[in-house]
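Chemist: Pasting a structure below so you can have a look.
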Amino acid sequence: MSGAFRIPRAGRLSQAKTARFSFDGQSYTGIEGDTLASALLANGVHLVGRSFKYHRPRGFLSAGAEEPNALVQIVRDDARKTPNVRATVQELYDGLAANSQNRWPSLSFDVGAVNDLASPLFSAGFYYKTFMWPKAAWKSLYEPKIREAAGLGVSPDKPDPDHYSSRYAHCDVLVLGGGAAGLAAALAAAETGVRVILADEQAEFGGSLRFETGAKIDGQDGFVWAQAAIAKLTAMDNVRVLSRTTAFGYYAQNLVGLVERVSDHLKAPGHELPRERLWQVRAKRVVLASGAIERHMVFANNDRPGIMLAGAARTFLNHYGVAVGRNVGVYTANDSAYAAAIDLKKAGVNIAAIVDLRDNPTGPVIDEARALGIEINFGRAVIRAGGKLRVSSMTVQPKNGGGERTISVDAILMSAGWTPSVHLFSQSRGKVAFNDETKRFVPGTYAQDCVSVGACNGTDGLSATVDEAYAAGAMAAKDSGAKTAKGTKPKVDASESWSRGMLGAAPGAGPDTTVKAFVDFQNDVTAKDIRQAVHEGMRSIEHVKRFTTNGMATDQGKTSNMHGLAIAAETLGKPIPEVGLTTFRAPYTPVTFGAIVSHARGPLFDPTRKTAIHPWAEAQGAVFEDVGQWKRAWYFPRAGEDMHAAVDRECVAVRKTAGLFDASTLGKIEVVGPDAAKFMELLYTNPWEKLEPGRCRYGIMLREDGFIYDDGVVGRLAPDRFHVTTTTGGAPRVMNHMEDYLQTEFPHLNVWLTSITEQWAVIAVQGPKSRDIIAPLVEGIDMSEEALPHMSVREGKICGVPTRLFRMSFTGERGFEVNVPADYGQAVWEALWAEGQKHGATAYGTETMHVLRAEKGYIIVGQDTDGTVTPNDAGLDWAVGKKKTDFVGIRGMARPDLVAKGRKQLVGLKTKDPKVVLEEGAQIVEDPKQAIPMKMIGHVTSSYWSQNCSRSIALALVAGGRDRMGDTLYVPMPNGVIEVEVTGMVFFDETGGRLNG
C-alpha cells in the first residue's frame, strides 16, 4: 500500500512502482513520481515542521517552490545531509530518509513551543528593543544563545563528496516557465528555427495544467497536450528543454542564472553525474512565463497542519492521486477554491462546507458545487481554526459579526486569489505597475529585452494566455532575426476562469492583540505584527519588512508580501501603490553553495597560474609562493641551505656576477591606436607624448582621489603602440581601470587595449655580467651601451624567436628583461641559463628580488603603499609631469589633506643593532615610555636582512618622515623596544653607477 489517503484511479502516477522512505525514523511507502510531500500526505502525515520563532506545529501550505513550512533535512549518508529542503519539491526515491527540523526532543513534543506561550515577549521588532541590559550579558549570554537559536536546520559538518558542474549557453529565445504560456511561446519561437531554451522548475512540464481538470487544448486534456508539446520540442534540434531547472536570477544584458537539479531525485546517482548544474544563459530575448502564486486567507490559527492552499490540494489530488483529508472545509474569496472542492467531492471526499467571504458570487463552478450537494456559506468568514497538531474545526461567523458556528474538519483549503509572479521581471530591473481594477502588481516598464506572458502578466483565462504567449514567442523569434513562423497556434477548447479574490486580513485577524493570524508562516509574522510596525512609526514597506521580517524568510514572501502590503496600507490609510512594493532579489529560490561554487573548491578553489618557466624551476628544487593566482619561485635552495642562506647567496651573486629571474607574471597590457599617447597622458602622471619610440619610462597610475593605484615600466614600441607593465597582482584591476575610463570618460579616443600577460614570457637577466650573457644569443639588436642605454626597448630575435628586449632594472644593476612568446619561454631560459653558467650566474626567486629592490629603495605598490599614499608621500614627485594640466587623480592630489604637513612619508630605517630585523607591519612611536594607548606615527612596510649591506634594512611610512632624517625612533615589540634611525631609502650604491655596469 502506498498510503491510506491515496485515491484509487486518481492522479497520474502508476501505483505499481512503489518506493520506501522514512520521515523522522518512521518508515512509509510512496509511489515513484511522488514528492516527499505527496507521499507523506498519502500516509496521512500533515505535521512536518515547527515554525522559526514560536515553534508552532506546521504542515504543508503549498505543493510547489513557494512552500514556507515543510522544510526538512534529507540524509543520504554522514556527509550528505542537506537542510532546508522543501518537501513539496523533493522528489521521492526508494530509500529516501528525511528528518524534520527546528524541534527538540521530537516533532510532536517540542520544548521550544514555550515560545508560543511567551509570544508577547517576542512581538514584532523585539530584537531592536531587548538584550540591552545588563551590558555585560551580551557577550556571555545573549549573543551565544541568539546565535545558537538562529537559522533553520543543521549545516553539514563534513566535506561535500558530490560534484557540481556549470555551463554557459547562448540562445535566441529563452522561455522561463513550462506551463501553457511557456509551452505556447516556445512552440511559436521554435517553429521559426531560432535557438530556443525552455526551462521549468518542475520534473514534468504543464504548470497549472497538472491540476486543472477543465482545460482542453487541441482536443486533448490540458496536461496530455503539454506532454505532447514537450515531446515535440524535445525532438527539435534547435531546442534545449530543461526540466527540474529553476531560473533564480535575472542579470544585466539578458543573462539569466539557472540551476538544474540533476541527480537529487535518483536513488543511487552515478559518480559521473553532477548533483546540480549551474547554467548561465545569455539570450537575445527572454519570455517570462512564471505563472502566479496562490494567496492564503489570513485568519486566526490559519497555520495549523491540515490547512493549505486550495490549488495545492488540487495538485495533490489530480496529479499525485492523494486526498488531503476525509472531511474538508473550504475558505475562499475567489472561484478557484470551488474547483478544488468539486474535484475532491467527485473523488469521494466529503466537503464539510464552503465558506465564501463574498456576498453573492455567481458562476458555473458555484452552480456545480451546489448541484453536488456541497453546503455554501456566502458573506461569512472563518474567524479561527481549532486543533493543535492537526486542524480539527473551523469556526464560521457572518463577516459583519453575529452568531458563531463551529464545523468539524480534518483539513481546510483556502484561497484569497492569485498573485502574478513578477520576481524575475523585477530582478531584470523592470518596474511593476499596480492594476487598480484587479488589485495586482503586474509588469510595467521593461528594462531589458524580455516580455511577460500569461498569469505573471496578469492575463486571465487559458485562451487569452495561449494567444498572448504564442504571439510573444513568435515576436521574440522575429526580433532575434527569424523569419515568419510556420506553425499553428494551439487552440483552447475549454478552460477554467477564476475571479480576483482579496488582499489583506480577513475578519477574525484582529485588530486585537492576542489573535495569531499569520501573514508570513516561516518567520511567524502575524497581521497584528504588521499593524504594530505601522503604529511604531514604520511608513515605508521596506521598513515594515525589516521591522517584522515579513518576506525575509527563505521563501522571500511569495505568499505573504501582498497580504503584508495590504494590511500596512489599510493601517496607514493609504492606497497600496503609495505604500510601494518590496524589492525582489535573486535568488528566486535558495541555491546551494555547491551549485554556485561548482568545481572551484579544494585545489581548484582559485585558478592556479604557472609561467612557461615553472617546470624548469620545479626541476631545480625551487620553493614556490602564491602571488595572486600565480605560483612564483620564492628561492632556489641548494643542499644544506635554508631560506635565509639561499637568499643571501642569490643576492650576492646578482650583484657580483648575474642572476636570472622569471618575471613572466608581471602584468602586460598593449595600448594601441592613433590616440594611444593621449590616452597614456590621461591615465598616468608622467608625460608620454614626447617619449621617443624605443625608450621606456617608469609610470605611476593614480585613482581619482590622488592615491597611487599601480606602477610599472612602459615602453614605447611605435608612435601608436605602448607596452605597459603592471604589478603582478594589479594586472586585472589596471586593465579594468583603463577600460573603464576608455569607455566612460574618454570614448572619443581611438585606442585599443589588449591584455598580453600570458602571451609573453619575461626573463630578467640582472647583474654586471648580464650583457655578456645575453649578447651572444641576440640577433638584429645592437647591444652596445650607446645603442641600448638604460630604459630602452628594442625588437629583434633571441635564439631565433621574436623578442622585445627591455634594458631596465629592478635591482639597481645593469639589467635586461627578455620578452619572448610564452611557448618559447622555457627554451630561451635554458639557453640563457647555459650561457649564464659560463659567467657564474644564479637563478633567483621573489624573496631575493624583494631584498635587491629594497636595497635600492624601489617601492612595491600594495606593500610600501596602502591605498592612502600619494606620489609625494612615496618620494616620487619626479614622476609627476609638472606641465601636465590633466590626468586621472590630478585634482585629488591637490586636496588640502593630501598636501598638508605631517603626512606619512616613505623613508628608510636602520636598526641601531644591525643584526636585528624589524617585523613588517610593526608600529613606530616617538616615545616608547608614553602611556598606553601610544601614539603611533608610522609602520614598517618592508624589512629584510641584506647580505650585501651586512645589516638589516627597512622601509617605513612615518609621519613627516623626510623631516626626521637622522632622528631616533622606536619600534615597541613584545620582547622589547627596538631603536631605529630614520635614513634615506637607498641603502646600496647611492649614486646609481651600477646601472651601467
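The C-terminal residue of the sequence shown carries number 1114 in the working numbering, and the numbering is unbroken.
Heads up, the beta-carbon is just placed ideally off N, CA and C, and yes, glycines get one too.
Does the beta-carbon of A346, which I'm using as the reference point, lie nearer than 7 Å to any heavy atom of the ligand FAD?
Modeler: Here there are no bound small molecules, and the ligand FAD is not part of this structure.
Chemist: Between P276 and A409, how many whole angstroms is the CB-CB distance? I'm expecting something under 8 Å.
Modeler: Going by Cβ atoms, the distance from P276 to A409 rounds to 41 Å, so no, they are not a contact pair.
Chemist: Ends of the beta strand (DSSP E) at A1126?
Modeler: Residue 1126 is absent from the model: the chain starts at 118 and stops at 1114.
Chemist: Find out if the Cβ-Cβ distance for the pair A127, A464 is shorter than 8 Å.
Modeler: yes
Chemist: Using a threshold of 8 Å, state whether the C-beta atoms of V356 and A307 are closer than that.
Modeler: yes
Chemist: For D889, is the classification buried or exposed, using 16 other Cβ atoms within 10 angstroms of its Cβ as the cut-off for buried?
Modeler: buried
Chemist: When DSSP builds the beta bridges, which residues end up paired with K256?
Modeler: Paired residue(s): none; K256 is not in a bridge.
Chemist: In angstroms, rounded to a whole number, what distance separates the CA positions of K662 and V1057?
Modeler: 48 Å
Chemist: Taking only beta-carbon atoms, is Q883 less than 8 Å away from chain C?
Modeler: Within the model displayed, chain C is absent; a lone protein chain is all it includes.
Chemist: Using DSSP bridges, identify the partner residues of E787.
Modeler: H840, T871
Chemist: Which residue comes first and which comes last in the beta strand (DSSP E) that contains L315?
Modeler: 313 to 316
Chemist: Assign T562 to buried or exposed, taking buried as 16 or more other Cβ atoms, counted over all protein chains shown, within 10 Å of its Cβ.
Modeler: Classification for T562: exposed.
Chemist: In whole angstroms, what separates the C-alpha of E585 from that of G1006?
Modeler: Rounded to the nearest angstrom, the two C-alpha atoms are 54 Å apart.
Chemist: Tell me the rounded alpha-carbon separation between V841 and G816.
Modeler: C-alpha of V841 to C-alpha of G816: approximately 9 Å in a straight line.
Chemist: Evaluate L1112 with the Cβ neighbour count: other Cβ atoms within 10 Å of its Cβ, from every protein chain shown; 16 or more gives buried, anything less gives exposed.
Modeler: buried
Chemist: With G625 and V508 assumed to form a contact (beta carbons below 8 Å), what rounded beta-carbon distance in angstroms separates them?
Modeler: For G625 against V508, the beta-carbon gap comes to about 15 Å, at or over 8 Å, which does not count as contact.
Chemist: If you draw a straight line from the alpha carbon of V642 to that of L383, how long is it in whole angstroms?
Modeler: 36 Å
Chemist: Keeping to the same chain, check which residues put their C-beta closer than 7 Å to that of I693; ignore five residues upstream and five downstream.
Modeler: F551, L682, A683, A686
Chemist: Rounded to a whole number of angstroms, what is the C-alpha to C-alpha distance between S283 and W396?
Modeler: 6 Å
Chemist: Helix, strand or coil for Q649 per DSSP?
Modeler: DSSP places Q649 in helix when its eight states are reduced to three.
Chemist: Do you know whose CA, among D596, F927, S453, P791, lies nearest K401's CA?
Modeler: D596
Chemist: Going by other Cβ atoms of all chains shown within 10 Å of its Cβ, with 16 needed for buried, is W869 buried or exposed?
Modeler: With fewer than 16 other Cβ atoms within 10 Å, it is exposed.
Chemist: Taking the beta strand (DSSP E) that T1100 falls in, what are its first and last residues?
Modeler: 1093 to 1100
Chemist: Ordered along the chain, which non-local residues of its own chain (more than five positions away) have a Cβ less than 6 Å from that of R1079?
Modeler: Q1022
Chemist: Which word fits M249, buried or exposed, when buried means at least 16 other C-beta atoms lie within 10 angstroms of its C-beta?
Modeler: exposed
Chemist: Can you round the beta-carbon distance between S781 and A878 to whole angstroms, since I take them to be within the 8 Å contact cut?
Modeler: 5 Å
Chemist: Which partner residues does F495 have in the DSSP bridge list?
Modeler: BP columns for F495 point to D473.
Chemist: Who are N444's beta bridge partners in DSSP?
Modeler: N467
Chemist: Answer yes or no: do Q207 and L153 have a C-beta to C-beta separation smaller than 8 Å?
Modeler: yes
Chemist: DSSP three-state label for M592, please.
Modeler: helix
Chemist: Quick one, which of E964, V935, L894 has its alpha-carbon nearest G917's?
Modeler: L894
Chemist: Let me check understanding here. Comparing Cα to Cα, which of S225, G166, P391 lies closest to R378?
Modeler: P391
Chemist: Which parts of the stretch 751 to 810 are runs of the beta strand (DSSP E), unbroken and 3 residues or longer, counting only runs that do not cross its ends?
Modeler: 776 to 779, 784 to 789
Chemist: Use the C-beta contact count for I667: other C-beta atoms within 10 angstroms, 16 or more gives buried, fewer gives exposed.
Modeler: Rather than Ile, the amino acid found at residue 667 in this sequence is Asn. So N667 counts as buried.
Chemist: Could you compute how far the alpha carbon of G374 sits from the alpha carbon of A364?
Modeler: 6 Å
Chemist: Give the range of the alpha helix (DSSP H) segment to which V696 is assigned.
Modeler: 693 to 696
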